[in-house]
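Line order of the protein sequences matches chains A and B.
Count along the first sequence starting at 1, add 3, and that's the number in the numbering used here.
Count along the second sequence starting at 1, add 2, and that's the number in the numbering used here.
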Amino acid sequence: MKYIKYLLGALVFTAVFSCNKKLDVLPQNNVTSIQNGDDVKALLFGGYSLMQSASAFGEQYIFISDLLASDNQLDFVGTFTDYKDISFKQQTKESGIATTIWENSYLLIENMNIVLDKISLVDESEQKEVAAEAKFMRGVAYYELINYFAKPYSAGNTSSTDGVPLVLQPTYNYDSTKNKPSRASVEDVYNQIISDLTDAAKDLPGFADNARATSYSAEAFLARVYLNKGDYTNAATAANDVIQSGNYNLTSTFNQAFNNPSNSTEDIFGIQNTAQSNAGTTDNGIVTFYRYAYDADGNNQGGRGDAQVDQNYFNAFDDPNDFRANFFTQGYSISGNPGIYTLKWLTFYRVVPVVRLAEMYLTRGEANLRKGGAPIGGVTPEEDINTVRERAGASDLSDVTGSDFVDERFRELGFEGDRLWTLKRLKLDVGDYAFDAPELVLPIPQREIDVNSNLTQNEGY
Amino acid sequence: MRFKFSFLIVLLISVLHVFAQQTKTVTGKVTDAKTGEALPGVTIKAGNSNILTQTTADGNFSINIPSATPTLIFSFVGYADAEVAVTGTAMDVKLTTSEKSLNEVVVVGYGQAVKRDITGSISKITTKDVRDFPAPSFESAIQNKAPGVVVESGSGKLGQGIKIRIRGTSSISANSQPLYVVDGLPVTSTTLSDPTNDPTDPLVDINPNDIESVEILKDASASAIYGARAANGVVLITTKKGHNNQKTVFELDANTGISNPARLRHFLNAQQYVDFYNQAVKSDAEYDIANDLSGFNSLNQAINYYNKKIYAVYGLTLDQLANGTDWKNNKVNTNWQSLLYNHDAPSNQINLSATGGDDKTRFFVSGFYNTQDAIVINNKFYRYGGRLNLEHNPTEKLSIGINISVDRSQLNRVTTDNAFSTPGQLVAQPPITPLYDPETGELNSNTLYPNGLFDAKYNSDKQVTNRTIGNVYANYTLLPSLAFRSEFGADILNLYQEAFQGKQTTDGAGIGKANTIISQATTYNTNNYFTYTPNLGEKNKLSAVVGMSYLQNDSKQSLTNAEQTPSDKIKNLSGTTSITFATSTDDRYNFLSYFLRANYAFNDKYLFSASIRDDGSSRFGPNNRYGLFPSVSGGWILSDENFLKNSKFVNFLKIRASWGLTGNAEIGNFSYFNLYNVSNYPDLPGYIPSQLPNPDLKWEKTAQTDAGIDFGFLNSRITGEFDVYYKKTSDLLLNINVPSTTGYTILTKNLGNMNNKGFEAGITSTNIDSKNFKWTTTFNAAYNKNKVLNIGGQIIEGGFGLTQRAVEGEPIGEFYGQKFLGVDPQTGDAQYLGEDGKPTTDYDAAARVVLGNSNPTWTGGLTNTFSYKGFDLSFFFSFVTGNKIYNAAGIYQSTGFWNGFDNETTDMLNSWKKPGDITNIPRIGFWSGSGYQNSSRFLYNGDYIRLKTASIGYTLPNALIKKMHFTSVRVYVSGYNLITITKYPGDPEVNTETIANIGGGQDFYTIPQARTFTFGLNVRF
C-alpha cells in the first residue's frame, strides 16, 4: 500500500497540466471582433489602404484603363503576361488583373458595409461623417467596378444591361445559399453610386486632415459619374461646386502637380504613400511600371520601366511650347528596352493624384459646351480649357469644340487613367475597337462565375 | 478537466495489488550469435528497474530480480541491445552485431519494444547510415534507405528545406512533412527563415553524428499514439547514450571533402552562339519568304530586314551584347555557367565524443565542428556545438537524466531560383558578353540580364541559429511491473537573419537595401506516463502505457526592411536610412493529450496491440476541440507454430495487420477565427477583414490499414518485411472558394478526401559470410499511388512553369497542359494535341491534358557491402521511377531566341532547318520560332538510378593499433552521386518548389546536386 502515495503524487503531477483553458489561445497579430467605435473607425481607415492597393488607385484603377485605351498613348514592353494580354486586348476570363481588381473592390465594399452596419457603435456626434466617408468609398468602388466590368453607360439599354452585383450588407458568416448575388443592371448600379456619393457630398466636411475624403472629393467623383451618363447639367454643377469652393488652386507650374509628398493644391483627392505604406516597388505599384529601370547612362533606378510612352502620343500636342509635351525622359526598361518615360510617375512613395482640379475645369467646360445654354458657374468653355492650357504654357484656343476637350483631356490627363472612359462615354473608337467592343470590358473573373452560378459572363469571354 | 484517463489510471492502480513482490535469481550465459564466443562485460538490466549486473570473463551472469520482472535487457558496445523475456531462472542469450536481429530493441512512441513483438510498420535506420554524410541534416542520408519514405532535397543549395513524404502526400493545403521527435520531444521542423526565400531546414541543428537511431513510424499502429500530429508519419530520433560499466570510449571522427556539380546542362559557347544567332535570323528570313509575308526579293534582303528589326524591337545588337568586343572573332567566350559554381567546394567535419558509464551513471558527450561550402557560390554552412546525455541512478528504483544539445549554425544563402540575382540564372547571359567591362576592367554591369555576380559580390544573406534542444527526466520504478516516467523538454530556437543588397545590384535597386529577421521558437513539452508490465506467467505477456502530454509552442518573429544606404560598407540596418517595413508577430499553439497503449502477447505467438490518444489543441475550433485517435493491430508468429517450427528454411515468419486513425493538425494556428488585419495607410491605421470564421474547423483525418509480413530465412541469412497499406485522408483542410462579393475569397473548411495505397519491401541478405570475407545486400523498394477522391469539384493549382493540379480522380501534383507531339518535318512547326484529338500547330487551339506526375511511383535503394579482413567496401544505389520533371527554364533557354537573347542549350543546334528535317526541336527564330511556350516539350521522364554512395574503408589491424593504445582506427574514402543514369538532361534531383504539396519536379535554373568526395578518419581509444 505504500506505493499508493507515489501513485497519487504522480497522478497529481499529471493533473496539473490537464487544464483545458490553456487551449483557448487568442491570435496576437489580428483582431477577432469589432467591439466599439474606435474599431469601426479603424475599419473605415482600412478602406483607405484598400484604395491605396495596387488593385485600386495604387496602380490598376489607373494603369489598366490606359493599357486598354488606344495604343497611341503607351506601350507595354514588360514580361508580365497579364499586363501584356491587356495591352493587346487579349485578356482571358482567367485574367489575374480582372480578378484582383474585382476582389479588392468588393473587399473595400465589404469593409464599408461593416462600417455602415456597425455605425451605432460610433459616438453619435461622429456617426454622420463616418457613414458619409464609408459611402464615399463604397460609391467609388462601385464606380470603378461598373467602368471596368460592364458596358459603358453610353451604350444604352442601361436598365437591361448587366452591371455588377450590388452588395450592401456585410457578410459575417458565409452562407452558401444566400451569398450568391446576381448582377444588377447598369442603371441600378449608377443609381447606387449616385446615391452613395450624394450622401457623402452632403455629410462630409469641406476640409479634412490626412488627405481624407471631403465633400468635394465626393462631388469630383459625382462629376465623373454624371459625365459618363451624359448628364451634363449635373456634371457641370458638381465640377463647378468643386472649383468654386475655393479650396483648390492649380499648381503654378504643371510639374508641381506630380510627385508630391503630400497633396498638391490642386489634388481634390489623392492617395498618400510613404516608404512604409505604398502599393509596391518591385512587381506592383504604378510608379514601378512607369519608372525606368535604368536611366540613359545605365544607372540602376529601381523601376521596371515596362510602361513606355508611345511616339504617337506626341502627335496630340498642338503647341511646341506646351510644357506637357516635354514632361518626359529617356531610359531603359528592366529587360533592357530603350524608351521614353513620362515624368508624371517618376518618384516612389509620393501622392497618387486621383482627381485634380484641372480635370474639373475640363469637365465643367466640356459639360457646359455639350449641354449648351448659359454655362454653369458663369465661365465659358473657352475660359475653362484655356485656364488649363495657360498653366502648361500652351497658347489659348478659341471656338472650342467637343473634340478640343477630348484632345485637351488627353494632353492634360494622359497616363492618369482618363482616356478610355472619355472615348467610351463619347462613343469614340478606341484605336481599332468600337467604344463598346467586348475587348474593352474586363471579364467577370472566372473563379467568381465558378463559385456563383447566378453570375453571367461578359460578352466575348 | 478530462476524467476518463484519470479514471483509467486509478483502475490500473487497483489491479496492481494482485501481484505480491517476490524475488528470484536468474543465471545464464551471453555469447556472440555468430562466433559463439562468450561475451564478457555485457550489461544486464532488469526490466524497468535499475537493477544491474555484468557478465563475467566467461560470459556468465547471475542476477537477483523481483519475480515479477518481465524482461532482461542485454547491452554491449558494438552489439544490438536485446530485450529478452524472463521465463524461468536460466537463460542463454545470443547477441548480434547486426541491427536486424529479432531481439533488437526498437524505439516506439513513449517507450520501446522488441522487434519480434511489433505489430506495426516501423523502419529503423542506425547511426552508420546517417553519420559522416556530406549534408547538413540527417534526412539527406536516409534517402531511399527506408521503404516508403521519399526524401527529396530539391537542389544542391545547402540548408534548404527537404521534402519528406511517408507513404505519399496525405494533404493538399496543410503541411505534409512528418512530425520529428528527438528523445521524446517534438521539435520545430518548419522554416523560420525569410518568407520570400525558399524554406530552410531547422533539422540542420541536430548533429547527424549524435544520432543513435532514427525510427520512422509508418502505419497507424505505430504512429497513432501521436494522434493529431501523426498523419504524415512520425520520425523518432534517438541520440547516443552511454552504457553501464563501460570503459570510456573516445571517438574521433574527422573528414574532409570536395564537391562539384553532379550533372550540368550544356550551353552554347561564343562561336556556337553567334552561329545560332545567324541561323535564327536566317530562319526568320526564310520563313518570311516561304510564306510570302513581306515580298522580299532575296534571302539577303530578308536577313538584313530581320537583323534591323531585332535592333528596332529589342534595342540590342550583338555588338552591344559583346560590349564592343570583337564577337565575330570570338574575342570573348565567357562560360557563365562555370561562374556560378564553386570549384572543388570544400567541406570539413570533426566530431569528438566520449561514451561511458559506471554501475550508476551513463554518459555520452560530444562536440562537433563542421564547415561546408555549397557547389553554388555564396552558399555556405557552418556549425558547431555539443551534446551531453547523462543518466544516473540515485537508487535502484530511480533514474534521472538529461539529454541536451547546444548548437550554433550559420547559413549563408542565395536568393530563390526565380530571381535575376540568383547565381543559377547566370547561364542566361550570352557567352559573347565579357565578364569584365572592357573599358573599366570592373565586373561587367552592362549585361543582357542584371549580372548576378554583382549580387554575389555585394549582397549577403546570413542566418545564424542558436539552438538548444534538451530534456530532463526521471524514471521511478514503483513496482517491478510498474514504472512512472516524467519528462520535461524544451526546444529553444533563435534565428537571426541579416540580408544586405548593395546599390550596384538588381535587388538593391540603386539605393541599397537591408533586412533583418529575428525569430524565436520555443517548444516546451512534458510527457508523464506509467508503464505497466506485469508478469502474467509464461503464456501471457502484457505491457501497457498510459499517460498524458502537454506541448506548447511560442513563435515570435520580428522583421525589418530598410533601404537607402550611403555606401555598401555597412551591411546591416545601421547602414540604412529609411525603414520601409517593420513588424513583429507572436503565435502560440498547444496540444493537451492523453494516451493509452496496451500490447498483449499470448504464448509468444499471438500478438495484439491497441492504442488510443485524445488530442486537444488550440488550433481546433470550439466545436471540435478534442479528437480521438485509436488504433488496433495484431500479429501471428507462424514460425513458432508446430508446422514451421522445424523448418530448415524458415526460422522466423510473422504476419501482422493494423488499422488506425491519425490526424494532421498542421492547419494553421488561428484558422477558425474571424480575423481582421491591421492596415497601414499613412496616418490612418485601420483594419481590413481577412478571414471568415469557421468554429467547426478541425484536424485532417487519416485512416490507415496496413498488412505485413516479417520473415527470416536460413537462420536469418535472409530477413525482410513486406507491407501493403491503404491510407484514406478525409476532412481535408481546404480553402473553399467563396464569391468575393462577400469581401472574402476563401473559407477554410474540412472537406474532401484523398487516398494513398502502396506496397513496400525490404530485404537484407547475407550472401557470403566466411571467416575473412563477408558480403551483404540490402534492398528496398516501395510503390505508392495517390488519388484525390473528392475536393468539392474544385481544381487546385500549383506548380511553377507548367501547371500542376489537385483534381478529383487524379493523383496530386499531376502536370497539366499542352501536349507536344513533335515537329512537323515540312514546316518546322511544333505540333500539339488538339481539342479534336488531332495534331495542331496552333498552341492556343491545343487541348490541355494530363501529362504525368512529379511524384515517383517506385522508389528504392540497393546497398551492397563487402568486407575482407580490414577492408570494407559499400555501394548504395538509389532509384526513383514513374515521375516527370519539368524544365521551367526551357521557355527561355531552348526556344531559339524567341524569348530574347538568352544563351541556349546545345540540343537546340539540332533544330529544324529545312523541309524534310526530322527532329524534335522546332523551327527557331526571333519572330518565326515555334514551340516556345510551356508544354510537354520541356517535360521529361524523371526516372533515375544514382550511385548515391560508394565508400571504401580500411580498419587497421588490432596488433598495430594496440601498441598505439587505440581501440580501432579506420580510414575511408567516400564518393557521393558518382554515377547517374537518367533521361533528364539536367540533374534529376531538383525541385524549385522545395516542400510544396502540389508543385514538384520543377527545374528553374535550379542548382544540381553535389558530387562529393570525402576522406575520413575514425579513431576510437
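Beta carbons are placed, not taken as given, at the ideal position from N, Cα and C, and that holds for glycine.
Taking only beta-carbon atoms, is N592 of chain B less than 7 angstroms away from chain A?
-> yes
Once you ignore the five residues that flank Q162 of chain B on each side, which residues in its own chain have a CB closer than 8 angstroms to its CB?
-> S155, G156, D200, P201, T202, D203 and T996
Does DSSP put T766 of chain B in a helix, a strand or coil?
-> strand
Output, in sequence order along the chain, the residues in the stretch 672-698 of chain B whose CB is closer than 9 angstroms to any CB in chain A.
-> F672, F675, N676, L677, Y678, N679, V680, S681, N682, Y683, P684, D685, L686, P687, G688, Y689, I690, P691, S692, Q693, L694, P695 and N696
Counting only runs of 3+ residues fully inside the stretch 53-133 of chain B, write out the beta strand (DSSP E) ranges in chain order.
-> 54-56, 62-68, 73-77, 84-87, 92-97, 107-110, 113-116 and 124-128
Using the beta-carbon of each residue, which ones in chain B are nearer than 8 angstroms to T174 of chain A?
-> L694, T744, G745 and Y746
Buried versus exposed, by CB contacts within 10 Å (16 or more), Y182 of chain B = buried
Report the neighbours of S280 of chain A on chain B: residues whose CB is nearer than 8 angstroms to its CB, in chain order.
-> N682, Y683 and P684
Residue closest to E288 of chain B, alpha-carbon to alpha-carbon, out of B:Y307, B:R599, B:K759 and B:Y608 | B:Y307
May I ask which residues mark the beginning and end of the alpha helix (DSSP H) holding A292 of chain B?
-> A272 to A292
Using 10 angstroms around the beta-carbon of S146 of chain B, count the other beta-carbons present and answer buried if the total reaches 16, otherwise exposed.
-> The displayed chain sequence assigns Asn, not Ser, to residue 146 of chain B. When all chains shown are included, N146 of chain B counts as buried.
For the alpha helix (DSSP H) containing A304 of chain B, list its first residue and its last residue.
-> L301 to Y316
Closest to K374 of chain A by CA distance: which of A:A397, A:L349, A:I65 and A:T404 is it?
-> A:T404
Could you tell me which residues DSSP puts in a beta bridge with N496 of chain B?
-> B:N468 and B:Q522
Run through DSSP, which three-state label would M966 of chain B get?
-> coil
Residue burial classification, T180 of chain A (beta-carbon count within 10 angstroms, cutoff 16) = exposed
For V170 of chain A, go through chain B and note every residue whose CB falls closer than 7 angstroms to its CB, in chain order.
-> T743
Within the 7 angstroms Cβ cut-off, does Y177 of chain A reach chain B?
-> yes
Under the three-state reduction of DSSP, which class applies to P204 of chain B: helix, strand or coil?
-> helix
A705 of chain B: first and last residue of the uninterrupted beta strand (DSSP E) it sits in = E702 to F715
Using three-state DSSP, classify G387 of chain B as helix, strand or coil.
-> strand
Rounded straight-line distance, which links the Cα of I798 of chain B to that of N389 of chain A = 56 angstroms
Kindly identify the DSSP beta-bridge partner or partners of K787 of chain B.
-> B:K759
Apply the 10 Å Cβ neighbour rule to D202 of chain A and answer buried if 16 or more other Cβ atoms are within range, or exposed otherwise.
-> buried
Measuring only between beta-carbons, confirm whether R450 of chain A sits less than 7 angstroms from chain B.
-> yes
Check each residue of the stretch 450-471 of chain B: if its Cβ is closer than 9 angstroms to any Cβ of chain A, include it; give the result in chain order.
-> L450, Y451 and P452
Which bits of chain A does S772 of chain B rub up against, with CB to CB less than 8 angstroms?
-> What S772 of chain B touches in chain A: nothing, since even the nearest Cβ is about 54 angstroms away.
Using the C-alpha atoms, what's the distance from Y64 of chain A back to F257 of chain A?
-> 23 angstroms
Thinking C-alpha only, which one of A:R367, A:G420, A:Y436 and A:I447 is nearest F408 of chain A?
-> A:R367
L10 of chain B to Y596 of chain B, Cα distance in whole Å?
-> The predicted model places L10 of chain B with a pLDDT of 49, which falls under 50 and marks its position as unreliable; any figure quoted below should be read in that light. L10 of chain B and Y596 of chain B: Cα-Cα distance of roughly 11 angstroms.
Quick one: what's got a C-beta closer than 6 angstroms to K496 of chain B's C-beta in the same chain, skipping five residues either side?
-> Per the sequence presented here, residue 496 of chain B reads as Asn, with Lys not at that position. So the list reads N468 and Q522, once near-sequence residues are dropped.
Give the straight-line distance between the Cα atoms of G273 of chain A and K220 of chain B, rounded to the nearest whole angstrom.
-> 60 angstroms
Would you list, in chain order, the members of the stretch 773-805 of chain B that have their beta-carbon closer than 7 angstroms to a beta-carbon of chain A?
-> none
Counting only the same chain and skipping the five closest in sequence on each side, list residues whose C-beta sits under 6 angstroms from that of R719 of chain B.
-> T768
For L320 of chain B, name the three-state secondary structure that DSSP assigns.
-> helix
By how many angstroms is the C-alpha of E668 of chain B removed from the C-alpha of N234 of chain B?
-> 10 angstroms
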